[in-house]
């Protein structure tokens with residue numbers, strides 16, 4: 001498989017591509033993660049991922065880095081409770097409040113994926129429904145203080161302690177909750193007419 005460019009600093013996405021044995025290098029540019037008001041929730045992570053991918057594409061072209069033929073992969077993950085997008089917590093207090101909101105309920109994790117090649121752009125999103133058992137205040141405080149989940153949408157990582165002890169059920173792709181529906185990415189990369 002051709003080497004791709006991962007437009008993400010996420011250690012989880014890096015790990016998932018390594019597990020899938022996809023050759024890649026990381027190139028990241030700062031982008032605004034705002035989105036238009038009224039945009040459909042499922043389109044939000046695709047919109048943010050597209051901006052990440054386009055920023056990297058522009059950077060590579062402008063600096064003539066010779067990688068402009070390599071496919072660029074970007075992704076963004078949002079956590080949705082009801083009709084509310086839950087972002088990354090600013091601090092301890094907000095992380096605790098988010099996990100209290102998620103406790104005992106089902107929420108959705110939506111990852112938008114954008115893959116840009118010189119010929120075309122492919123985009124899709126994947127949805128996983130996650131249900132937490134009721135979490136005690138002590139469990140929530142322990143997790144936040146030990147794992148400091150401030151860089152994670154929804155204030156948790158499913159592969160960490162809180163996921164191990166707190167998740168009641170998952171409907172969908174586990175790896176999507178980690179930040180990348182990697183099996184769908186592989187299929188997009190190897191689809192006829194793409195990059196096989």
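Numbering (the UniProt record's numbering), first residue to last: 1 to 196. By construction, the Cβ of each residue, glycine as well, lies at the ideal position given by its N, Cα and C atoms. Here the structure is a predicted model, which is why all the values come from computation and not from measurement.
Mapping the DSSP letters down to three states, classify residue i as helix, strand or coil.
i, result
"residue 177", "helix"
"residue 188", "helix"
"residue 112", "strand"
"residue 139", "helix"
"residue 52", "helix"
"residue 85", "strand"
"residue 168", "strand"
"residue 59", "helix"
"residue 94", "helix"
"residue 76", "strand"
"residue 13", "helix"
Evaluate residue i with the Cβ neighbour count: other Cβ atoms within 10 Å of its Cβ, from every protein chain shown; 16 or more gives buried, anything less gives exposed.
i, result
"residue 197", "Beyond the ends of the chain as shown, which are 1 and 196, falls residue 197; an answer cannot be given."
"residue 169", "exposed"
"residue 39", "exposed"
"residue 164", "exposed"
Measure from the alpha carbon of residue i to the alpha carbon of each residue in the options, then state which is nearest.
i, options, result
"residue 77", "104, 55, 62, 108", "108"
"residue 124", "70, 187, 63", "187"
"residue 79", "88, 71, 72", "88"
"residue 103", "180, 56, 134", "134"
"residue 92", "131, 149, 17, 176", "149"
"residue 114", "143, 72, 99, 155", "72"
"residue 7", "28, 34, 16", "28"
"residue 82", "95, 183, 131", "131"
"residue 159", "174, 146, 145", "174"
"residue 61", "117, 33, 19", "117"
"residue 33", "43, 156, 99, 127", "43"
Given 7 Å as the limit, tell me if residue i has its C-beta closer than that to any heavy atom belonging to the ligand GDP.
i, result
"residue 112", "As for the ligand GDP, it is missing from this structure, which has no ligand bound."
Taking the C-alpha atoms as reference points, what is the distance between residue i and residue j?
i, j, result
"residue 129", "residue 110", "9 Å"
"residue 90", "residue 84", "17 Å"
"residue 14", "residue 137", "32 Å"
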